[in-house]
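The opening position of the sequence shown corresponds to residue 0 in numbering that gives the first Met the number 0, with each subsequent residue numbered one higher.
Structure, as structure tokens:
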Amino acid sequence: MLTLEQLPTRSEIGPELKWKLEDIYPDAADWEKDFAKVKKLSAKLLKYKGRLASSSTILLEALNLFCELFSTVETVYAYARMRRDEDNADSSRQAASERASGLISRVSSECSFLDPEILDIPRSTLLNMLKEEPGLRVYKHYLEDLIRQKKHILDKQLEEVLALAGEVVSGPRNVYSIFNNADIKFSSVIDENGKEVELTKGRYSLMMENRDRRVRQDAFRSLYSSYKALRNTLAANYNASIKADWFGARVRKYRCCLEAALDRNKISPRVYNTLIETTNRNLHLLQRYLAVRKHMLKVDELHPYDLYVPIVDLPERKIPYTEAKKIVLAGLKPLGEKYLADMDRGMESGWIDVMESQGKTGGAYSWGAYRTHPFVLLNHQDNINSVFTLAHEMGHSMHTYYTSKTQHFINSEYPIFLAEVASTVNETLLMQYMIGNTEDRKEKAWLLNHYLEEFRGTMFRQVMFAEFEKITHVEIEKGGALTADFLCASYMELNKKYFGSGLVLDSELEMEWARIPHFYRDFYVYQYATGFASAASISHQILNEAAPAVERYLEFLSSGRKDYPLVLLKKAGVDLSSPEPVQDAFYQFENILNQMEALL
């Protein structure tokens, strides 16, 4: 990676390597026009407050105006944020981004009356409105989903009380965020060169990949000793967070916290439980992989601080961006001519900002707005990792592209539950292609291990987290308390079950639950695993069935949120109510593991 002094300025990078934000707004004046338009549209929509039940025509007018308003404000916001991401040192870009952020917050607040007011309309009246006004048909799923959730909506007075209680209920999450991002400090660590280094969470991740085992061990002990020093405080805060989840579930008449959390996307707890049960039946595969890792590291015992150090070096092969594009297109050939042509056109038409430059936001993402084509931010490094990043982000972009092209705005934002499917399908197909087309033994070993590590982190680890969440919520639901002793013991029991005898469970590991911020977002992490399993299943179908599977998949990419996630996945050939897709993913893991073991 280049140092700051070596990084080019944005003006030194050729236009063919930059995204074209002028496709959104040719200049700042056009952005300002839409900024002003948003304020006018918001004021216009507010005039419908208290009138939505008066007629189907009025309801349609309000919903159409809502969509025009929010498709405009998200465009204003996306443009400002992406311009800032080009150069974070530019104060004028920072100011515009802040203005756009303030605008979207203001508009969201002003228009928050819409859903509650629609919910006040009697169910029979709303259904009659849908029948008598053809223009409302495009809002059918949106309105029917509101009707579905109505039994969990309280009367106005109680809803107002709940809204007022919102800041209190979110207190534990806010406390944890401040503690974990600002207040916690770690003791310094002596690095491999004998230099004393202050440990931070960012440096911890790097140190876990350090070749010097002593450095990894010291960093591991330093990190967890800081959490352990506050174990009772952290347990009390987490206990309060889960109690808040249980409070919300009971008030809204759900039988348990899991049901309340999953009902947002109409997902049965059976999906969650099937994921855990199927993973539990395949833990022997994780334990086999640990044996491979132990063998490659040449250690007598495997410890938690040995789980992230690379066991295969990154291939030295230099892959410029032009070659990376060719590799990705070749790897995604099974997706068919239409997908490849659309993707190639996007990559050549200003969708992507490719190179690292001074002041540019790091990492990678896919973004945009309903009214625009997608945009991809990269920081390409001419290595094999960057090839996978390109495939991943273009997976998101193609999902967004097809959905925006096909769906009305109200159905255009696919839910988090589906968000990682398309990106992971691309990575999986690319992986299979590269494994089958390399003659370099070291590169093949890296590719195989890259997949195994992705799988371990997304399936085994996230499902273990999901199982921990279930344990903690059930404990509160039955009247128990989440003491530090209970949390640490429960977490260590899960680690023992998942890792078996293949990993020495150092006592520090009992505090890992305390450093996972996702535990403050009830039943969130399981979606990483279901998304990964769904992508594995779809990829397998595409490689084995070809055209029929591709047709189903393209329909899925074009569906947005026009129906519930499980319905859309089932149409794509993935039935998450059964264990089959998850089990198929484990079969794929076993196949890659077999190949890895054969290379040893």
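Quick reminder that beta carbons are idealized off the backbone N, C-alpha and C, glycines included.
Everything numeric in this text was worked out from a predicted model, so none of it was measured.
If we ignore side chains and look at the alpha-carbon of each, how far apart do residue i and residue j end up?
i    : j    : result
R440 : M295 : 15 Å
H472 : H379 : 42 Å
H539 : L334 : 12 Å
N543 : L125 : 45 Å
S536 : M393 : 19 Å
T232 : E474 : 18 Å
V424 : L198 : 36 Å
S53  : L142 : 16 Å
A584 : E159 : 45 Å
P319 : I383 : 10 Å
V549 : F246 : 44 Å
G479 : N127 : 47 Å
Y400 : S70  : 15 Å
L145 : I177 : 34 Å
E336 : Y138 : 33 Å
E507 : E195 : 22 Å
F387 : Y552 : 20 Å
K32  : T360 : 27 Å
R370 : F555 : 20 Å
K265 : C487 : 32 Å
L594 : P115 : Reading off the sequence, residue 594 comes out as Gln, not Leu. Between Q594 and P115, the C-alpha separation is close to 55 Å.
D190 : D211 : 8 Å
I12  : R80  : 20 Å
S267 : H140 : 18 Å
S403 : S557 : 8 Å
I541 : P547 : 8 Å
K36  : Y24  : 14 Å
N272 : P578 : 10 Å
Check the C-beta distance from residue i over to residue j and give it rounded, since I have them as a contact under 8 Å.
i    : j    : result
L257 : F522 : 6 Å
L331 : L429 : 7 Å
G358 : D89  : 7 Å
Q406 : G559 : 4 Å
V658 : S489 : Since the displayed the chain opens at 0 and closes at 599, residue 658 lies outside it and no answer follows.
S240 : R172 : 6 Å
L153 : V106 : L153 to V106, Cβ: 26 Å. No contact.
R230 : A28  : Rounded, the Cβ-Cβ distance is 57 Å, inconsistent with contact.
K561 : N410 : 4 Å
Which residue wins for smallest C-alpha separation from residue i, given the options the options?
i    : options                : result
H517 : Q461, K46, I470, D574  : Q461
L44  : A77, V503, F112, W512  : F112
E438 : L598, M207, Y519       : L598
N279 : G499, P171, P309, R344 : G499
R220 : E511, G559, V566, V386 : E511
L274 : L504, R98, Y525        : Y525
T321 : K404, D381, K495       : D381
E15  : F555, G530, L447, G345 : G345
R520 : S169, Q93, K36, S104   : S169
G530 : R213, Q156, T457       : T457
R254 : R212, M354, H151       : H151
A390 : M342, G367, I409       : M342
A323 : R136, R83, D484, V353  : V353
K570 : K404, L313, E596, S533 : S533
D26  : R82, I12, E191, E11    : R82
P121 : R147, N272, T277, S96  : R147
Closer than 6 Å by C-beta to residue i: which residues in its own chain qualify, once you throw out the five before and the five after it? Chain order, please.
i    : result
L3   : Any reading at L3 needs caution, since the residue's pLDDT is 49, under 50, leaving its predicted position unreliable; the model's value is listed next. Within the same chain, L3 has no close Cβ partners at all.
M463 : L493, Y497
V375 : W350, I351, S365, E392, S396
V311 : A444, W445, N448
A513 : Y226, L233
K293 : L301
E419 : G530
Would you list the one or two residues that DSSP bridges to residue i?
i    : result
W366 : F374
D574 : D574 is not bridged to any residue.
E195 : I189
I351 : V375
Looking only at its own chain, which residues have a Cβ that is under 8 Å from the Cβ of residue i, when we skip the five neighbours before and after it?
i    : result
I57  : Y47, R50, L51
L64  : L40, K43, L44, Y47
L282 : F459, K496, Y497, G499
L328 : L339, M342, D343
F467 : S489, Y490, L493, W512, F518
D262 : Q148, H151, Y253
Between residue i and the rest of its own chain, which residues show a CB-CB distance below 7 Å, the 5 nearest in sequence each way excluded?
i    : result
L62  : Y138
I103 : V72, Y76
S55  : M128, E131, E132, L135
L222 : F185, L198, Y203
P309 : E208
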